[in-house]
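Colleague: In this note's numbering, the protein residues as written are 9 to 210. Got a structure for you, written out below as structure tokens; questions coming shortly.
Spelled out as structure tokens, the structure:
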């Protein structure tokens, strides 16, 4: 479990295919000292297991399913990634509950910069948009954000200067692919309502 508060911007050192998956090596001066083999770390919002530690370089393995559902397969050496350690008992919850299980891919539809502030619209699959509501929560590349507007095809968020400076969103451009995870509470509500509608129809 995670909170969606990015702890470090890591740098991809290597991405290589290891059939049927891949190995991802990320350099992080901040998280590496406390990392352990077997620990869970969210990389662009995707929960991955640390399989090797070499100084400030952490190695992860991503399976075929993970690569098909996330933007990890697009990473190249030098790319920046959002990193967050898993939540521990007693840690403060500053964002919202994020599982690290990506629901689908979206893309940057538009970006409106206003000085150091920014409003971004993201395209998203229709099933995921049904789980979103204005003022609700969404994780974009592992970043906990508050939804501003939700349409039939996209959603928007308002980004403060701090978020733009400490996450990958500051570098995102129109067309870029992003990982999406909707609020877990929204999933349960949708499931319950689905069962309710089925009972009514029967």
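Yeah, the Cβ is synthetic: ideal placement off N, Cα and C, and Gly gets one too.
(1) Determine the contact status of residue 150 and residue 92, defining contact as a CB-CB distance below 9 Å.
(2) Count the other CB atoms, across all protein chains shown, that sit within 10 Å of the CB of residue 12; report buried if there are 16 or more and exposed otherwise.
(3) Between residue 79 and residue 185, what straight-line distance do the alpha-carbon atoms span, to the nearest angstrom?
(4) Buried or exposed: where does residue 180 fall if 16 or more other Cβ atoms within 10 Å of its Cβ makes it buried?
(5) So, helix, strand or coil for residue 137, using DSSP?
(6) Going by other Cβ atoms of all chains shown within 10 Å of its Cβ, with 16 needed for buried, is residue 197 buried or exposed?
(7) Label residue 183 either buried or exposed according to how many other C-beta atoms from any shown protein chain fall within 10 Å of its C-beta, with 16 as the threshold for buried.
(8) Check whether the stretch 106-114 touches the stretch 169-177, counting contact only when three or more Cβ pairs, one atom from each stretch, lie closer than 8 Å.
(9) Can you give me the C-alpha to C-alpha distance between residue 72 and residue 192, rounded to a whole angstrom?
(10) Please confirm if the stretch 56-76 is in contact with the stretch 121-131, defined as three or more CB-CB distances below 8 Å between the two stretches.
(11) Do residue 38 and residue 103 have their beta-carbon atoms positioned less than 9 Å apart in this structure?
(12) So who's on the other strand from residue 70, going by DSSP bridges?
Modeller: Once the coordinates are examined:
(1) yes
(2) buried
(3) 6 Å
(4) buried
(5) helix
(6) exposed
(7) exposed
(8) no
(9) 24 Å
(10) no
(11) no
(12) 30
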